[in-house]
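Structure record follows, encoded as structure tokens.
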Amino acid sequence: MSSSSDSRFIYGFHAVIAKLRHSPDDVREIFIDRQRQDGRARDLIKLAETLGVRLIPSDGARLDGMSGNQARHQGVVARVAALQRVLKLGDVLDTLAEPALLLVLDGVQDPHNLGACLRVADGAGAHAVIAPKDRACGLNATAIKVASGAAESVPYITVTNLARSLRELRERDILCIGAAEEADTDLYGIAQTGPLAWVLGAEGAGLRRLTRETCDQLARIPMFGSVDSLNVSVASGICLFEARRQRAVK
71 MSSSSDSRFI
81 YGFHAVIAKL
91 RHSPDDVREI
101 FIDRQRQDGR
111 ARDLIKLAET
121 LGVRLIPSDG
131 ARLDGMSGNQ
141 ARHQGVVARV
151 AALQRVLKLG
161 DVLDTLAEPA
171 LLLVLDGVQD
181 PHNLGACLRV
191 ADGAGAHAVI
201 APKDRACGLN
211 ATAIKVASGA
221 AESVPYITVT
231 NLARSLRELR
241 ERDILCIGAA
251 EEADTDLYGI
261 AQTGPLAWVL
271 GAEGAGLRRL
281 TRETCDQLAR
291 IPMFGSVDSL
301 NVSVASGICL
311 FEARRQRAVK
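Heads up: the sequence shown begins at 71 in this note's numbering, then just goes up one per residue.
Spelled out as structure tokens, the structure:
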């Protein structure tokens, strides 16, 4: 939901604080529940005042409306600039001081899963999350809220043609590994210390055929229990942190 054509709303303490820290000039005003007098609210108010951002005490009903009746706004909603800086792959890859670690999402439809994937990518120190413009949910307010600030710290790059983008990564000597349960090799048997992109498919459907064929190789997460698959954000975490583990050992 947005208040006008040039602004939009984000909500939740993590998302609003991250926006203040990373892009304070984009924050137009912050609406905060006048009933919140706790330390978390005081810290947010202090940061906003230091940055010169307008604070507007509000009631719960108003905040509910601005957040699209999302009960988890936590008593804080910010009106921010609608446009986000458009990033290209080169913007990220040309400035890296270490081997690339990327997360590629092939058509994730659930914004809660996208937000969780961004949070995992941030935790693992991934340099970017890449996703197609079509057949994906996009970085909406729900995804930003679930990301708990990671939407501001991890570059989110949307591409028109995912297979072509994977080929561009391969041309830069970035190994593209597709996660697929039918793969012969598991992720622990693959060296992941060099430039790497983990490619994960949508919930249920997995990788699309062309995406699968464009990857350098496929790998599976070994499963030892009764379930045969994992949520895409959980799987992303396992793959990215295995890459980080191998790099730390090296």
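Glycine included, every Cβ here is placed at the ideal spot set by N, Cα and C. Small disclaimer: the values here were computed from a predicted structure and weren't measured.
Local conformation of residue i per DSSP, three classes
| i | result |
| --- | --- |
| C187 | helix |
| I244 | coil |
| R279 | helix |
| T212 | helix |
| T284 | helix |
| P181 | helix |
| C309 | helix |
| L266 | strand |
| P202 | strand |
| V162 | helix |
| V229 | strand |
| L171 | strand |
| A249 | strand |
| D134 | helix |
| D108 | coil |
| K320 | coil |
| S296 | coil |
Sub-8 Å separation of residue i and residue j beta-carbons
| i | j | result |
| --- | --- | --- |
| D103 | S128 | yes |
| D95 | K89 | no |
| I87 | V123 | no |
| L187 | C246 | According to the sequence as given, residue 187 is Cys; it is not Leu. Not closer than 8 Å, so no. |
| D243 | R290 | no |
| L266 | P202 | no |
| L270 | S218 | no |
| I227 | L157 | yes |
| D192 | A220 | yes |
Residues of its chain near residue i, where Cβ-Cβ distance is below 8 Å and the 5 sequence neighbours each way are ignored
| i | result |
| --- | --- |
| S77 | R98, R149, V150, A151 and A152 |
| D298 | E251 |
| I80 | V86, K89, V147, A148, V150, A211, I214 and K215 |
One or two residues paired with residue i in a DSSP bridge
| i | result |
| --- | --- |
| S128 | D103 |
| R149 | F79 and E99 |
| G271 | D176 |
| D256 | R290 |
Residue i: CB within 7 Å of a non-hydrogen atom of the ligand MN
| i | result |
| --- | --- |
| T263 | Annotation note on the ligand MN: not contained in the displayed structure, which lists no ligands. |
Spatial neighbours of residue i in its chain, beta-carbon cut-off 6 Å, leaving aside the 5 residues before and after
| i | result |
| --- | --- |
| C207 | Q179, P181 and L184 |
| T205 | Position check: residue 205 holds Arg in this sequence, whereas Thr was assumed. Only G177 meet the Cβ criterion. |
| R282 | G248 |
| K320 | T263 |
| G145 | D103 and R106 |
| S137 | Y81, H143 and V147 |
| E260 | Residue identity differs from the one stated: residue 260 is Ile in this sequence, not Glu. Closer than 6 Å at Cβ, skipping near neighbours: A289. |
| L239 | C246 and A267 |
Whole-number beta carbon distance between residue j and residue i, since they are thought to touch under 8 Å
| i | j | result |
| --- | --- | --- |
| A85 | I200 | Their Cβ separation, rounded to whole angstroms, is 21 Å, which puts A85 and I200 out of contact at 8 Å. |
| A198 | L172 | 5 Å |
| E273 | V302 | 6 Å |
| G195 | R315 | Incorrect: roughly 12 Å between the Cβ atoms, too far for contact. |
| L236 | W268 | Rounded, the Cβ-Cβ distance is 12 Å, inconsistent with contact. |
| L125 | A118 | 5 Å |
Beta-carbon contacts of residue i that lie in its chain and below 7 Å, excluding the five residues immediately before and after
| i | result |
| --- | --- |
| A250 | G276, L277, R282, L288 and R290 |
| A233 | L280, T281 and T284 |
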